[in-house]
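Data first, discussion second: the structure below is written as structure tokens.
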Amino acid sequence: MAKVHIKNENKTVEIPDGSNLVDLEGKSNVIFACKVGSCGACIATIVSGAENLEPPNETEKIYLDNFAPGENKRLLCQTIIKKGEVTIEY
Ligand code: FES
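This is the structure in structure tokens:
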């Protein structure tokens, strides 16, 4: 199981290795809307553990390049955690 530490909620959620972070829905207060990488509702800062995430797909890359260039942001609905731990803040 992978661990997602949600800094601003002061909680940790465990999800299976290889999961999409959309699995945080209902286990956290992260807001998901479109779930296809277009609305930006689920944007979050990766505080640590970015190496445990798959790189952004094309859809996410386009969004981040346009709306959060150079920042350590990810769209959680498009982000896959390989394994291990990641800390996010939204
Ligand atoms: S829920 Fe819309 S971009 Fe993630």
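Counted from 1, the sequence shown has number -3 at position 13 by this note's numbering; the numbering is strictly sequential. We treat Cβ as the ideally placed atom computed from N, Cα and C, and that holds for glycine.
Please confirm whether any heavy atom of the ligand SAH lies closer than 8 Å to the CB of Gly10.
Because the ligand SAH does not appear in the structure shown, any question about it cannot be addressed here, the ligands present being the ligand FES.
Beta-carbon separation of Gly33 and Leu59 under 9 Å?
no
The ligand FES heavy atoms versus the CB of Ala17: any closer than 8 Å?
yes
Using the beta-carbon count (16 or more within 10 Å), is Pro53 buried or exposed?
exposed
Is Ser22 near the ligand FES, in the sense that its beta carbon is under 8 Å from a heavy atom of that ligand?
yes
Given the structure, does Ile(-10) come close to the ligand FES, in the sense that its CB is under 8 Å from one of the ligand's heavy atoms?
no
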